[in-house]
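Chains V and E, in that order, give the protein sequences. 1 is the number of the first residue of the first sequence in the UniProt record's numbering; add one for each residue after it. 1 is the number of the first residue of the second sequence in the UniProt record's numbering; add one for each residue after it. Read through the structure below, which is laid out as structure tokens, and then see the notes.
There are 2 protein chains.
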Amino acid sequence: MDPRVREHASVLVDWSARIEPGDDVVVSVGEGAHQLGVAVAEAIGERGANPVVTYGSDEIRASYLDAHDGEFAEDPDHELALYRNADSVLFLGGGRNTSEMADVPSETRKDYRRSRTGIREARMDTDWVSTQHPTRSLAQQAEMPYRAYRDFVYDAVLRDWKSLAAEMDRLKEILDAGDEVRLVKAETDLTMAIDGRTAVNSAASVAYDSHNLPSGEVFTAPFATEGTVLFDVPMTIDGKRVRDVRLTFEDGEVVDWSAEQGEAVVTDTIETDEGGRRLGELGIGMNRGIDRVTDNILFDEKMAETVHLALGRAYDANLPESESGNESAVHVDMLTDMSEDAELLVDGEVVQRNGRFRWEDGFADA
Amino acid sequence: MDPRVREHASVLVDWSARIEPGDDVVVSVGEGAHQLGVAVAEAIGERGANPVVTYGSDEIRASYLDAHDGEFAEDPDHELALYRNADSVLFLGGGRNTSEMADVPSETRKDYRRSRTGIREARMDTDWVSTQHPTRSLAQQAEMPYRAYRDFVYDAVLRDWKSLAAEMDRLKEILDAGDEVRLVKAETDLTMAIDGRTAVNSAASVAYDSHNLPSGEVFTAPFATEGTVLFDVPMTIDGKRVRDVRLTFEDGEVVDWSAEQGEAVVTDTIETDEGGRRLGELGIGMNRGIDRVTDNILFDEKMAETVHLALGRAYDANLPESESGNESAVHVDMLTDMSEDAELLVDGEVVQRNGRFRWEDGFADA
């Protein structure tokens, strides 16, 4: 076994999920994540916790959904009971075909999702963490050879998380104290209000209210957006390739938009509901282990020297208690490259220039 | 997909487990049973039942057990809650290495088993069924090519179960009415009392209190065993190969024994406890789809033209209510070939001769 599989398991169990002796853990093993499952089981055994191992197979899920008449039972008792009694849930993603669910009608998926609100809430109430084992299917999606893709994944996952968390805290402090963020680059000059909002230091650990491994971003919930922005990092939205999206905001709302490729899916997003026209998230990628786009949002949005904005739903963690932020049925992230001729300013002061933060070496000459 | 995989799933879901709309089902998918998992998910979807899919991986289990200090938590809440709220549990066996658990100390396995008594009971309280997908590993254990092994498995599983159940009922009636069974063949003349005991028609369906697919045996709980018996069908007990076991009984107890191969494990069984010296089961194989030994007790003990006897624990289903039969920590099945120069008699009347029952064509000349 590649020794990095065991290291991945240790980071997941100790840094991310903070598994303790006696914890009741659900481990969901993807079709291609068997090896990571073995390593995680070993780590859980060493910590003296209690695993139930589920099988996260897209092929099995698709086959079930496809055969079902669509009248799904509401939160089946046995599954609800499993998650209500769990302390942690570890999702080991990594399948064998990212298109396995492609022919399940989106209506069926939505109905299924809707029928399981209680189960999802119970799961979200645990110390859950989502990660991915490098599989050939994900390498293919990233247009990379498997060998190189494994290196990519482990560079992203096996960080010095403690030191990255400390660095991200500096940015969080600036954002928490600030009132306004401005992005300036080619075809982009965008201003967003952030006063009263709290940034999340997403340091890949439940201790930071961060549930993805890898993580490595600081995000908040902006509002009152004004100006234009170019998203020049290619991505996939709802299975469709999207390139060079341009948005213009007035009074916090998108008033004009275009895309070189995939404009229809951008339009669908914007026209979903009221909230689809407004931003729900401003995220700043800080994981320097992620140095390329791999068409996988779990990784892409944490890439250092990028910023992402999401149309749609805001996260509660960014909002003052009792205040509700942007509400929407969607949350669609789009990325812009900040590595060249680009500045991120907070209250008029440059915090990041050409991908370098002001506390980093080389910021002055950047 | 081999169309027989879907047929297997249908037999399992409809005939064996009697899955109904709305049932909460746990499906345990073995490492090599993915394809059957897909077909079972489809069948469950069609029936409108609700699956939780678990991953029955020996490698993950061994890795967990091996890493654990052995102080296992008693019936972890989340797992107990899952099974207490389930209507049915379907075990889709079929791994990738039958020796995967070989280096887990038997003490660890026993401690783990003991810590999960409540979970096991909750599982046994459901309409559970255990079956096996044909895998290369099981083909290897059977010393057969994979192609031929698949044919073997589907011949065993895809029976006309309704008609076999009716035939087995004839034998059950004879045993229920009878007081004594006698086996006569080379080096064998064994008499067992069965009066007051009830035979189980094990027709591979929860409707018959039968939880294995394939099944196809009628079994009861004998006592007061007298005489000698030769078990000439090779088998594996506790991972050890065993051949030509000879037992001599007096007053229901083994008083003398030998084996051409593996005598030590036979001795261990007999000396486990008081019940290890007595029979707990007499089973008569009636599945004509099983025409050879494959070193897999789920199949071997149902093979037509064989009889098996188990040293150790008797099943409650065979006993009058409030009566406890033979009690023991072990239950070890051993087989004898009844196809040649062999008779099975009930109260002195020949019921089976050279593998043919008296209601079958050819019995007169057998």
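We put the CB at the ideal spot given by N, CA and C, even for glycine.
Query                                                                                                                              : Result
3-residue-minimum beta strand (DSSP E) runs that sit fully inside the stretch 41–98 of chain V, ordered along the chain            : 50–56 and 88–93
Inter-residue Cα distance where the pair is residue 100 of chain E and residue 62 of chain E                                       : 7 Å
Selected residue, minimal CA-CA separation from residue 5 of chain E, among E/32, E/20 and E/39                                    : E/39
C-beta atoms of residue 138 of chain E and residue 149 of chain E nearer than 8 Å                                                  : yes
Distance, residue 350 of chain E Cα to residue 363 of chain E Cα                                                                   : 10 Å
Cβ separation of residue 304 of chain V and residue 286 of chain V, assumed to be a contact under 8 Å, to the nearest whole Å      : 6 Å
Endpoints, alpha helix (DSSP H) assigned at residue 8 of chain E                                                                   : 3–10
C-beta contact flag for residue 42 of chain V and residue 208 of chain E at 8 Å                                                    : no
Chain-ordered neighbours of residue 44 of chain V on chain E, where CB pairs are closer than 9 Å                                   : 64, 67 and 68
Chain-ordered neighbours of residue 57 of chain E on chain V, where CB pairs are closer than 9 Å                                   : 29, 34, 37, 38, 41, 53 and 55
CB contact below 8 Å: residue 26 of chain V versus chain E                                                                         : yes
Cβ-based burial, residue 117 of chain V [other Cβ within 10 Å; buried from 16]                                                     : exposed
Proximity test, Cβ basis, 8 Å: residue 127 of chain E and chain V                                                                  : no
Counted within 10 angstroms of its Cβ, other Cβ atoms place residue 359 of chain E as buried (16 or more) or exposed               : exposed
Beta-bridge partners of residue 127 of chain V, as assigned by DSSP                                                                : V/88
One or two residues paired with residue 182 of chain E in a DSSP bridge                                                            : E/191 and E/345
Nearest candidate by alpha-carbon position, reference residue 259 of chain V, set V/252, V/334 and V/203                           : V/334
Local conformation of residue 284 of chain E per DSSP, three classes                                                               : strand
Simplified DSSP assignment, three categories, for residue 152 of chain V                                                           : helix
Local Cβ density within 10 Å of residue 121 of chain V, reported as buried at 16 or more and exposed below that                    : exposed
Backbone CA spacing between residue 246 of chain E and residue 282 of chain E [nearest angstrom]                                   : 16 Å
Best match in E/252, E/187, E/318 and E/160 for proximity to residue 218 of chain E [C-alpha to C-alpha]                           : E/318
Under 9 Å by beta carbon: chain E residues contacting residue 78 of chain V                                                        : 24, 25, 26, 50, 52, 81, 82, 83, 84, 85, 86 and 87
Closer than 8 Å to chain E by CB, residue 73 of chain V                                                                            : yes
Continuous alpha helix (DSSP H) stretch holding residue 137 of chain V: start and end                                              : 136–141
Buried or exposed (CB count within 10 angstroms, at least 16 for buried), residue 1 of chain E                                     : exposed
Residue 104 of chain E in three-state terms, based on DSSP                                                                         : coil
Where the alpha helix (DSSP H) through residue 298 of chain E begins and ends                                                      : 297–300
DSSP three-state assignment for residue 267 of chain V, whether helix, strand or coil                                              : helix
Meets three-Cβ-pair contact criterion under 8 Å: the stretch 190–202 of chain V and the stretch 152–169 of chain V                 : yes
Below-8 Å beta-carbon distance, residue 60 of chain V vs any chain E residue                                                       : yes
Boundaries of the beta strand (DSSP E) in which residue 237 of chain E is found, first to last residue                             : 235–237
Bounding residues of the beta strand (DSSP E) (the contiguous stretch that carries residue 257 of chain E)                         : 253–261
Other residues of its chain near residue 356 of chain V: CB distance less than 6 Å, five sequence neighbours each side excluded    : 362, 363 and 366
Close-in-space but distant-in-sequence residues of the same chain around residue 222 of chain V (CB under 6 Å, 5 per side omitted) : 192, 194, 279 and 282
Neighbourhood of residue 243 of chain E by C-beta, 6 Å cutoff - its chain only, sequence neighbours within 5 removed               : 234, 260 and 261
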